[in-house]
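Asks: Supplied in structure tokens, the structure appears directly below.
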Amino acid sequence: MENISNNKKTLLDQAIKSHQQGLLSEAEALYNNYLSKHPDDPDALHLSGVLNIQLKKIPEGIDRIKNAIKQRKDFPKALSNLGRILCDIGDNKSGSLAYSQSIRLDNKNELVWNSLAISFFNDQNYSAAINTINEAIKLHPFSESLYDNGCRILKRENKINECYLLAKKGLMKIPGNTRLRMHYAQCCFILNKFDDAWKDYEVRLIAEENPNQKPTYPFTVWQGESLRDKSILVWTEQGPGEIFLCSSMIDKIINLSKNCLIITSKRFITILQRSFPNAEVIDGENFSSENQNIDYQSPTMSLGRYLIRELSDIESCQGKILPNSEITNMLRKKYQSRAPDTKLVGISWKSLESVYSDNKNISINELIPILKIPNLTFINLQYGINEKEMREIKNNDIKFINDKNIDPINNLDDHIAQVAAMDFVITTSNTTAHTAGVIGIKTFCLLPHTLGEGLFWYWFTDINNSPWYPNTSLYRQKYHNEWSLPLGKLTNDLIQHLNTVNSLDEPEEIAKDLSEIFLKKNQIIPAGILASLSINHGKKDISLFRTLASSKVLQSEFSQALKILNQALRLHKDNTDLLIDKANTLTNLRKYHKASRVLAEANNIEKEKFIILNNLALSKRREGKTLEALDILKQIKSPPDNKASIYLSIASCLSETGDFEKAEKIYYELIHRDNEALKAKTSLGMHYLKNKKLKKGWPLLKSRLNLETANINYNNFPFETWNQQEVNNKNILVWTEQGIGEEILISTMIDDLMIKAKSITLLCSKRMVPLYKRSFRKINVIERKEPLPSQALDNSIDYQMSLSDLGLHLRPDIKNFLNKPKPPLKSNNVLKEKLRKKYQILTNSKFLIGISWNSQTPNIGKLKSIKPKYFSILLEDKRPSLISLQYNPLENHIKEMKEIFGKNFFHDKTIDPLINLDHSASQIAAMDLVVTISNTTAHLAGALGIPTALLVPKGTGRHWYWFNGLKQSPWYNSIEIFECDNDYDWSKPIKLIQNKINEIIN
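Position one of the sequence shown corresponds to residue -7 (this note's numbering), numbered consecutively onward.
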């Protein structure tokens, strides 16, 4: 046996040795040979998987590493490698799960924590990324990379104050760290903490990314002392941008001092000599500090520490750098001769020198709408233009001059003269922006989103004009790498500017044409901006109004969109496209009745048009007029591509109106059509559940977890999904999904599961944690968040279960709902009693009725909601008092309730369920009776065992879990169901509730 073991070790060692020596083919053969004899060896599977990745055999490599993890559950190295590989191929979600598992096994690996944060960051899940950083810092409080990445993430979210605090915290642990000092300085500049900013900005002189080494001169560093009768040496740093930015400070220092020497590089000598004739400008390579009568020295940027103490201290640099006027005049004549009667527009679109250049750059293709503006000739100011870009310019028939005699890199003076020859300049954040700004040319500058990632601090984050360059307008990305909004604003302002200087004929036509170009590129927001400009200049085309309204809808400005469409319809009364858009906008505003009326008007104008009938049916259904919706849907003669969605709507209407057999038949037909199968399965599942066919409904309901709208999925966890196995003596992970209501449904089944399972880990939303922890002390209750808590990744977990799985296992039939003596949830009794006494004193009533009447649920919220006036029936008995349990109530509703009930109604502003659900539970528990519509209040009241009168609609708007045909909720013993007929007249069920109240009180 010992020989076999030694031989096994030798074979694997040989493979590992070849692998380490870079003999990959040889190592592959050795690993494969070894695995043919020992196929379940986790080390060999892991290492050979890594080798496969190196050999670009990605699927094979991933499979082997996964197999290694299967063989050895506690394998953090394999899990971290799997995470890295999955993220490398773009699967950040799966990669982050693997990293999380690795961290649970070994939370001391700082690199894996960073990798997890970056995987979330790359997936644009910034909140999870910063949560990861914060957790990691608790374990690794001296990690430079964790603080650094945390600052980057916060900057990406434009959370500058939070970044400032994190950098400050990091510097307390790692004083003097260059990266953190830079983060700190940048944030201080933005937050107008200039004194702190300048102090730490000195770190730039020793930063790795600074290409210029700090010179060592034997002179005293200037620290703001008086320069009268003193000489000062100022040496330039960084590139042209920073020098031009400092030009007003250089000018000020020259005026303050007796003598000023400027040390610079060769390319700046002539420029600075011309611009600052009262200073001595010297080539740094030829300068010797010996025998120099110099009192102080300072790098250019450090002058700001004593000259700029706050934002308002910044002085304009405009006109401080002078171009060579002779060359400028020559170039302007040259370009004008080639492009007579046009404006000369300098254009530059990229930066080549920075690590974050890609964030600053914009493609020529994205600039095409601007380049199409007539009466303009574009002069290339871009260094490093390539053939592809020139080809694109040529293919679009753009007036463009590429002067090959101008080389900005080797002759900056010529470049400055060229910029000065322009009428105005369009540029990204690069040397051209600073050059045009400092000369005073009208400049339109496009800026990236993220501070420190292409956006330099001196552009700040929330101003539209540069304080350094008054003639420079700034156009910022709203989101990372999203240029459409700044491009739209820039194009709009450019046309306005050209119109002001009389350089455009028919600006309304130009704006319209540009709007259409943006629209073809699917850039709706800039298209809308240009459409608005065209309309304001007199164009009244239908397409312009529609584009403008669409851009407002895209930005959730629905009221503005409606205003625009109404304006258009006054001019184009019978246009069905405008009417359809108006109806859609009214739907977004939840004004379904008005939307139906508008669509009916459109249908009278244009009969049997698919989109009108389809939208009208949807709107009628949202009104609760399901039979009318069904009749309309049956009239539709739709193209084949739309039939599946139509039939899905028909099936839903049939289900809601009680024609169950026909509904089921259509659902089953749709399940075999790929494009609607998931929706059909989900709808059929809810249909079965609502009609008490639970065993059929639960498996189908799981399909919703694969819809794009799902907020969680089985793939979020590394455990086997429960598939009707026995759970006796098993460790179970239960996770909640959807909204709070369904989370509370799960609470009704936990006790039953506890009887069977060895242990339960319950993953729920943050708001539910206190309630669940108080109510179920024998299970692990943890918040559902990213990164996943370690308890949710415990290798001892046998199965994971969703609501559907719990339902199938514990509630396969309506008979399986148990009449339990005690409710599942427990409120905070101390707070409950405190609130009860408070309300009884305030209302002078011993009998408290909690009331909730409104729902914001999309599409069906209005059908579930009840207008306050209906509750006036409850006024018949003056003895009880009504306490508002309504979350996020509308002010006019509260006012109306007070008008109806007077002192008998009280709204407690100190309780907000959206902020603290546990407090809300205590408030509900303080009631003698709850009267509510179908919402979170109903579930909480039921789970707390409070007598509850639940008001639900009969058809559309009724959730599956209230079931059809039942007057008592099987989930909650204390809930009695009062059903409203399809006419949505709530007075009848509320009258029945009033009778119940009288019975209870009497």
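The beta-carbon is built from N, C-alpha and C at its ideal position, and this holds for glycine as well.
1. Can you give me the start and stop residues for the alpha helix (DSSP H) that L619 sits inside?
2. Within 10 angstroms of the Cβ of T948, are there 16 or more other Cβ atoms? Answer buried if so, exposed if not.
3. Can you name the start and end residues of the alpha helix (DSSP H) that K335 belongs to?
4. Run through the segment 665 to 736 for me and flag every whole beta strand (DSSP E) of 3 or more residues, listed as ranges in chain order.
5. Mapping DSSP to helix, strand and coil, what is W449?
6. Compare the beta carbon distance of K601 and T577 with 8 Å and say whether it is the shorter of the two.
7. For M293, does the three-state DSSP call read helix, strand or coil?
8. According to DSSP, is M793 helix, strand or coil?
9. Using the beta-carbon count (16 or more within 10 Å), is P462 buried or exposed?
10. Hey, is the segment 364 to 383 in contact with the segment 448 to 460, meaning 3+ C-beta pairs nearer than 8 Å?
11. Whose CA, out of W954, L780 and M889, lies closest to the CA of Q1018?
12. Output the boundary residues of the beta strand (DSSP E) element that contains G14.
13. Who pairs with C972 in a beta bridge, going by DSSP?
14. Would you list the one or two residues that DSSP bridges to N73?
15. For T902, is the classification buried or exposed, using 16 other Cβ atoms within 10 angstroms of its Cβ as the cut-off for buried?
16. Short of 7 Å in beta carbon distance, which residues of its chain neighbour I604, apart from the five on each side in sequence? Order them along the chain.
17. Buried or exposed: which applies to N754, given that a residue is buried once 16 or more other Cβ atoms fall within 10 Å of its Cβ?
18. Tell me whether F186 sits in a helix, a strand or coil according to DSSP, three-state version.
19. Got a sec: does the ligand ZN put a non-hydrogen atom nearer than 7 Å to the Cβ of S28?
20. What are the partner residues of W227, as DSSP defines its beta bridges?
21. What residue from T940, S249 and L490 has the CA that sits closest to I362's CA?
22. On the three-state DSSP scale, how would you describe T420?
23. By a C-beta neighbour count over all protein chains shown, 10 Å radius and 16 as the cutoff for buried, is P639 buried or exposed?
24. If the criterion is Cβ atoms closer than 8 Å, does the pair T424 and V417 meet it?
25. Express the C-alpha separation of Q469 and L438 in angstroms, rounding to a whole number.
26. Among the residues of its own chain, which have a CB less than 6 Å from the CB of L800, if the five just before and after it don't count?
27. Does F798 pass the burial test, meaning 16 or more other C-beta atoms within 10 Å, or should it be called exposed?
28. Using a 10 Å radius around the Cβ and a threshold of 16 neighbouring Cβ atoms, would you call T674 buried or exposed?
29. Taking all protein chains shown into account, decide if I(-4) is buried (16 or more other Cβ within 10 angstroms of its Cβ) or exposed.
30. Beta-carbon separation of S819 and A941 under 8 Å?
31. Tell me which residue opens and which closes the beta strand (DSSP E) that N772 is part of.
32. Using DSSP with H/G/I as helix, E/B as strand and the rest coil, what is K434?
33. How many angstroms separate the CA atom of N457 from the CA atom of G446?
34. From K983 to S611, what does the alpha carbon distance come to, in whole angstroms?
35. What number of angstroms, rounded off, separates the C-alpha of Y764 from the C-alpha of N698?
36. May I ask you to list the residues that DSSP assigns as paired with I843?
Replies: So, from the data block:
1. In the sequence shown, residue 619 corresponds to position 627, counting from 1. Its alpha helix (DSSP H) spans residues T618 to Q627.
2. One-based indexing of the sequence shown puts residue 948 at position 956. Label assigned to T948: buried.
3. Working through the sequence shown from its first residue, we reach residue 335 at position 343. K335 -> not in any alpha helix (DSSP H); beta strand (DSSP E) instead, spanning K335 to S340.
4. 723 to 727
5. The residue given as residue 449 occupies position 457 in the sequence shown. W449 falls in the helix class under three-state DSSP.
6. Here residue 601 is taken as the residue at index 609 of the sequence shown, counted from 1. Here residue 577 is taken as the residue at index 585 of the sequence shown, counted from 1. Not in contact: K601 and T577 (Cβ atoms no closer than 8 Å).
7. Within the sequence shown, residue 293 is the residue found at index 301, counting from 1. Of the three classes helix, strand and coil, the one that applies to M293 here is helix, per DSSP.
8. Position 801 of the sequence shown, counting from 1, holds the residue named residue 793. It is a strand residue.
9. In the sequence shown, counting from the first residue as 1, residue 462 sits at position 470. So P462 ends up on the exposed side.
10. no
11. This structure does not reach residue 1018, given that the chain is present from -7 up to 994, and the question cannot be answered.
12. On the sequence shown, residue 14 is found 22 positions in, with the first residue counted as 1. Here G14 belongs to no beta strand (DSSP E), and DSSP marks it neither H nor E.
13. The residue labelled residue 972 in the question sits at position 980 within the sequence shown. Paired residues: P945.
14. Taking the first residue of the sequence shown as 1, we reach residue 73 at position 81. Paired residue(s): none; N73 is not in a bridge.
15. On the sequence shown, position 910 is the one that residue 902 refers to. Exposed.
16. What you label residue 604 is simply residue 612 of the sequence shown in a count that begins at 1. Correct list, in chain order: T568, I572, L591, A594, N595 and E598.
17. In the sequence shown, the residue the question calls residue 754 occupies position 762. In the sequence as presented, Asn is not what sits at residue 754; that position holds Leu. Label assigned to L754: buried.
18. Reading the sequence shown from its first residue, position 194 is the one you call residue 186. Three-state result, F186: helix.
19. This structure lacks the ligand ZN; in fact it carries no ligand of any kind.
20. Locating residue 227 in the sequence shown gives position 235, counting from the first residue. Note: W227 sits in a beta bridge opposite I255 and P291.
21. Looking up residue 362 in the sequence shown gives position 370. Closest by alpha carbon: L490.
22. Locating residue 420 in the sequence shown gives position 428, where the first residue counts as 1. Looking at T420 - three-state DSSP - the assignment turns out to be strand.
23. Counted from its first residue, the sequence shown places residue 639 at position 647. Pro is not the amino acid found at residue 639; the sequence shown has Tyr there. Buried, because 16 or more other Cβ atoms sit within 10 Å of the Cβ of Y639.
24. Within the sequence shown, the letter at position 432 stands for residue 424. Within the sequence shown, the letter at position 425 stands for residue 417. In this structure, V417 lies closer than 8 Å to T424 by Cβ.
25. Position 446 of the sequence shown, counted from the start, is the residue given in the question as residue 438. Position 477 of the sequence shown, counted from the start, is the residue given in the question as residue 469. Each residue's Cα considered, the two are about 8 Å apart.
26. Walking along the sequence shown from the start, residue 800 turns up at place 808. For L800, where only same-chain residues beyond five positions count, the Cβ hits under 6 Å are W690.
27. In the sequence shown, the residue the question calls residue 798 occupies position 806. For the sequence presented, residue 798 should be read as Leu rather than Phe. Buried, since its Cβ has 16 or more Cβ neighbours within 10 Å.
28. Reading the sequence shown from its first residue, position 682 is the one you call residue 674. Label assigned to T674: buried.
29. Locating residue -4 in the sequence shown gives position 4, counting from the first residue. Annotation note: pLDDT 45 at I(-4) (below 50); position unreliable, coordinate value reported separately. Exposed, because fewer than 16 other Cβ atoms sit within 10 Å of the Cβ of I(-4).
30. For the purposes of this step, residue 819 is taken as residue 827 along the sequence shown, with counting starting at 1. For the purposes of this step, residue 941 is taken as residue 949 along the sequence shown, with counting starting at 1. Contact: no.
31. Counting from 1 along the sequence shown, the entry for residue 772 is found at position 780. Looking at the DSSP string, the run of the beta strand (DSSP E) that includes N772 is N772 to E775.
32. Looking up residue 434 in the sequence shown gives position 442. In the structure shown, K434 sits in a strand (DSSP, three-state: E or B).
33. Within the sequence shown, numbered from 1, the residue matching residue 457 stands at position 465. Within the sequence shown, numbered from 1, the residue matching residue 446 stands at position 454. Going from the Cα of N457 to the Cα of G446 covers about 18 Å.
34. Taking the first residue of the sequence shown as 1, we reach residue 983 at position 991. Taking the first residue of the sequence shown as 1, we reach residue 611 at position 619. So the alpha carbons of these two residues sit roughly 30 Å apart.
35. Within the sequence shown, the letter at position 772 stands for residue 764. Within the sequence shown, the letter at position 706 stands for residue 698. Near 27 Å, if we compare the C-alpha coordinates of N698 and Y764.
36. Within the sequence shown, residue 843 is the residue found at index 851, counting from 1. According to DSSP, which records beta bridges pairwise, I843 is partnered with S876 and V923.
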